[in-house]
Amino acid sequence: MKKTFSSNKKLIDWISKMARMCQPDRVVWIDGSDEQKLTLEKQSLAEGEIMRLNQEKLPGCFLHRTAPDDVARTEHLTFICTRKKPDAGPTNNWMSPSCAYNKAREIFKGAMKGRTMYVIPFSMGPVGSSFSKIGIELTDSKYVVLNMMIMTRVGDHVLKALGKDGDFTKCLHSKAQLDIKKRLILHFPEDNTIWSVGSGYGGNVLLGKKCLSLRVASFIARKEQWLAEHMLIMGIEGPNGHIEYIAAAFPSACGKTNLAMLIPPEGLKAKGYRIWTVGDDIAWMRIDTDGRLWAINPETGFFGVAPGTNSKTNPNMVETIRKNTIYTNVLLKPDGTVWWEGADGEAPLEGIDWRGQPWRKGIKDSEGNPVKGAHPNSRFTTPITNCPSASFRLDQPHGVPISAIIFGGKRQHLAPLVYEAFNWQHGVFAGASMASELTAAQMGKLGQVRRDPMAMIPFCGYNMGDYFRHWLNMGKKMAKPPKIFYVNWFRTDEDGKFLWPGYGENLRVLEWILDRCNHKVQAQKTPIGYVPMRSNIDMTGLPLPEGVLDKLLAIDIKEWQKELVGIKEFFKLFKKGLPEELWQEYDDLLARLKANS
Ligand code: TSX
Ligand code: MN
819 MKKTFSSNKK
829 LIDWISKMAR
839 MCQPDRVVWI
849 DGSDEQKLTL
859 EKQSLAEGEI
869 MRLNQEKLPG
879 CFLHRTAPDD
889 VARTEHLTFI
899 CTRKKPDAGP
909 TNNWMSPSCA
919 YNKAREIFKG
929 AMKGRTMYVI
939 PFSMGPVGSS
949 FSKIGIELTD
959 SKYVVLNMMI
969 MTRVGDHVLK
979 ALGKDGDFTK
989 CLHSKAQLDI
999 KKRLILHFPE
1009 DNTIWSVGSG
1019 YGGNVLLGKK
1029 CLSLRVASFI
1039 ARKEQWLAEH
1049 MLIMGIEGPN
1059 GHIEYIAAAF
1069 PSACGKTNLA
1079 MLIPPEGLKA
1089 KGYRIWTVGD
1099 DIAWMRIDTD
1109 GRLWAINPET
1119 GFFGVAPGTN
1129 SKTNPNMVET
1139 IRKNTIYTNV
1149 LLKPDGTVWW
1159 EGADGEAPLE
1169 GIDWRGQPWR
1179 KGIKDSEGNP
1189 VKGAHPNSRF
1199 TTPITNCPSA
1209 SFRLDQPHGV
1219 PISAIIFGGK
1229 RQHLAPLVYE
1239 AFNWQHGVFA
1249 GASMASELTA
1259 AQMGKLGQVR
1269 RDPMAMIPFC
1279 GYNMGDYFRH
1289 WLNMGKKMAK
1299 PPKIFYVNWF
1309 RTDEDGKFLW
1319 PGYGENLRVL
1329 EWILDRCNHK
1339 VQAQKTPIGY
1349 VPMRSNIDMT
1359 GLPLPEGVLD
1369 KLLAIDIKEW
1379 QKELVGIKEF
1389 FKLFKKGLPE
1399 ELWQEYDDLL
1409 ARLKANS
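Just so you know, the sequence shown maps onto residues 819 to 1415 in the numbering used here.
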């Protein structure tokens, strides 16, 4: 393979130092060319790291299997390594930088013997944009290289943009022995450094994604006065042909990816509505001179959960993953295509499961439980440009202007279908007190409520008390801040049945949200915020039974009073570190609820 040179001395010195520690047989620079990608694919195929899928039905697609004990992010092995412990805050695992470097160094030492170290220059965000950040990932995994080439902008043009003294995030990864006892995901935000060792699972090893774009970027964003958030970005083209953009944060298993590329229901499509997907996971947002918040998606691909993806839940994604996609831990069918629980059509009669074992429809394990063909956290890595609803502004260096920020969670009873915060500070309170109920598919107790402020609990690279303060400050700096809303697609009736049909129908709620942003409709003031007047949600083509919309929008004062107990308990974790403004919002809500009880 051809050599690439950089004149960046910091880069060259760092690579030499890391190579001396990891002792790879050779170092190969990733130039981003199709030619090099083909070579890597060929080598990975020969080594059995990936398998080629049916090229007629799934052109350019591959299958990869991870080790059975390496199938998800490992939060208990993930650390924020700041010099001072309080800087990591009460919601992060902390390790001192010296202890972390020492521990990891022992695992990295000689870990790449007999292997190649790849140097991946990548840009999160359009190359050269003032929003963007450059990272260099060193890895001994070809799977990582191939995935990074889908998820980020990779190659020589990034090195060129880095120049001779540009700064970059130093990302080091080695599979090492793939030993869970020697697995560490370490973030050194003060050194702009990430070390990940002992894993081959996407969220742990595609260091541009959660590690850089959320944990390290959130730390940098506070210093540089912008926001790095766990949010989708979507454009909503309305009847007048104008496109307005929203950013939305949800905890896992709330359908964030589905929302990012929803298909308008007939009633709204007829009015001219159309969705443009900018991103499904991460938003980097800056205040522009117009006083508005502008957002980019720093990624170029989706790393989506496969199970449950089908042409009812997400037709655009089904179309997206038909080509140039890497599948991880799904079931392999005899015809060389793939399947997962909740895929289109019938379950296949047989196949090879995610562990690489023969699988037959209906088989049970020794305890009588059905054996899954695909791992529940099986994934696809696929380019955004495959997506039929992909925005034409993906490469815009300035991003898109954000009209509304949406928070949400899965709540069977408490939260109404939608409410609008009274103002920015109240909206930050709504985001900070976000929570979701665990469902059967997740570990933990059914119906248990888990706090996940701004969906950032696993991803904030510093003390979340400081993070909330940063959010409050950002609001003060904007002449035209986005309005903040809270949605809940998951309210149920007395029998536990969902009251709202969800999916494409959610656009009816988004339409109301934009109408509020544009001062087109009045709303009803309640103790928790503004809720829609029934007549302002366009229900054309969606005949809900009498009274259902009322149930969806009702506020149960007693439930909210109970909720405040949980919020208080959570806020107390931060001790003196929680901004006084959030306690003020807490007290104000308490008083409004009391006045209405
Ligand atoms: O993604 C979901 N969204 C957002 C879509 C744009 N899901 C799946 C959640 C797990 C990833 C949803 N599930 C949504 C939703 O809005 N709503 C629900 C709950 C629901 C499930 C099934 C039905 C209705 C609601 N079925 C029928 O009404 C027939
Ligand atoms: Mn995510």
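Built from N, CA and C at the ideal position, the CB exists for glycine as well.
Where the alpha helix (DSSP H) containing residue i begins and where it ends
{"i": "K1041", "result": "A1035 to E1042"}
{"i": "G1085", "result": "E1084 to K1087"}
{"i": "G1020", "result": "G1020 to V1023"}
{"i": "W1242", "result": "W1242 to A1250"}
{"i": "Q1379", "result": "I1375 to K1390"}
{"i": "P1133", "result": "P1133 to T1138"}
{"i": "K1412", "result": "E1398 to A1413"}
{"i": "V945", "result": "Neither: V945 is in no alpha helix (DSSP H) and is coded neither H nor E."}
{"i": "A1208", "result": "Here A1208 belongs to no alpha helix (DSSP H), and DSSP marks it neither H nor E."}
{"i": "V1366", "result": "V1366 to L1371"}
Span of the beta strand (DSSP E), counted from its first residue to its last, around residue i
{"i": "M839", "result": "Not the beta strand (DSSP E): M839 falls in the alpha helix (DSSP H), residues K827 to C840."}
{"i": "W1094", "result": "R1092 to G1097"}
{"i": "F940", "result": "T934 to M942"}
{"i": "F1120", "result": "G1119 to V1123"}
{"i": "I1170", "result": "E1168 to I1170"}
{"i": "T1075", "result": "Here T1075 belongs to no beta strand (DSSP E); instead the alpha helix (DSSP H) covers K1074 to A1078."}
{"i": "T857", "result": "From DSSP, T857 is part of no beta strand (DSSP E) but of the alpha helix (DSSP H) over D852 to E865."}
{"i": "W847", "result": "R844 to W847"}
{"i": "Y1321", "result": "First-last for Y1321: undefined, no H or E at that position."}
{"i": "S1254", "result": "A1253 to E1255"}
{"i": "T1200", "result": "R1197 to P1201"}
{"i": "R1269", "result": "V1267 to R1269"}
Beta bridge counterpart(s) of residue i as assigned by DSSP
{"i": "C989", "result": "E955 and I1012"}
{"i": "I1003", "result": "T896 and S1014"}
{"i": "L1050", "result": "A1066"}
{"i": "R1104", "result": "W1112"}
{"i": "W1289", "result": "DSSP, once it has assigned bridges, lists no residue as partnering W1289."}
{"i": "E1149", "result": "This sequence places Leu at residue 1149; Glu is not what is there. Partner(s): W1157."}
{"i": "K1182", "result": "P1188"}
{"i": "A922", "result": "Per DSSP, none; premise fails for A922."}
{"i": "M882", "result": "A quick correction: the sequence has His, not Met, at residue 882. According to DSSP, which records beta bridges pairwise, H882 is partnered with T1146."}
{"i": "R1126", "result": "The sequence given here has Gly at residue 1126, not Arg. None, per the DSSP bridge assignment."}
{"i": "L1416", "result": "No information on residue 1416 is available, as it lies outside the stretch 819 to 1415 that the chain covers here."}
{"i": "V767", "result": "This structure leaves residue 767 out entirely; the chain is present only between 819 and 1415."}
{"i": "G973", "result": "Answer is none; G973 lacks a bridge partner."}
{"i": "G1347", "result": "T1344"}
{"i": "P1219", "result": "W1112"}
Inter-residue CB distance, residue i and residue j (contact presumed, cutoff 8 Å)
{"i": "G1018", "j": "K993", "result": "5 Å"}
{"i": "G1347", "j": "F1240", "result": "6 Å"}
{"i": "G1174", "j": "P1152", "result": "The Cβ separation is near 15 Å, so there is no contact."}
{"i": "Y1063", "j": "I1081", "result": "Actually they do not touch by this definition, with Cβ atoms about 18 Å apart."}
{"i": "A1066", "j": "D1098", "result": "Not really, about 10 Å apart at Cβ, beyond 8 Å."}
{"i": "P1350", "j": "W1330", "result": "5 Å"}
{"i": "T1155", "j": "N872", "result": "5 Å"}
{"i": "L895", "j": "L1002", "result": "6 Å"}
{"i": "P1069", "j": "S1254", "result": "4 Å"}
{"i": "F926", "j": "V1015", "result": "6 Å"}
Cβ of residue i within 8 Å of any chain B Cβ
{"i": "T1344", "result": "Structure shown: chain B not included; a single protein chain is present."}
Any non-hydrogen atom of ligand 1 within 7 Å of residue i CB
{"i": "Y1321", "result": "yes"}
{"i": "F1198", "result": "no"}
{"i": "T1095", "result": "no"}
{"i": "G1226", "result": "no"}
{"i": "L1077", "result": "yes"}
{"i": "N1324", "result": "yes"}
{"i": "L1080", "result": "yes"}
{"i": "W1307", "result": "yes"}
{"i": "D1131", "result": "Correcting the residue type first, residue 1131 is Thr in the shown sequence and not Asp. The answer is yes for T1131."}
{"i": "C1072", "result": "yes"}
{"i": "F1303", "result": "no"}
{"i": "F1120", "result": "no"}
{"i": "G1126", "result": "yes"}
{"i": "F1316", "result": "yes"}
Near ligand 2: residue i beta-carbon under 7 Å from a heavy atom
{"i": "H1048", "result": "yes"}
{"i": "D1099", "result": "yes"}
Quiz item: Are the segment 1028-1047 and the segment 1205-1216 in contact at 8 Å, needing three or more beta carbon pairs?
Solution: no
Quiz item: Is the segment 972-982 touching the segment 1003-1015 in the sense that three or more CB pairs, one from each, lie closer than 8 Å?
Solution: no
Quiz item: With contact counted as at least three CB pairs below 8 Å, one residue from each stretch, are the segment 1280-1287 and the segment 1316-1333 in contact?
Solution: no
Quiz item: Touching or not, the segment 1124-1135 and the segment 1190-1206, by the rule of three or more beta carbon pairs under 8 Å?
Solution: yes
Quiz item: Quick check: the segment 1110-1121 against the segment 932-947, are there 3 or more CB pairs under 8 Å?
Solution: yes
Self-check item: Stretch-stretch touch, CB-based, cutoff 8 Å, three pairs: the segment 829-845 with the segment 924-942
Solution: Contact holds: three or more Cβ-Cβ distances are below 8 Å.
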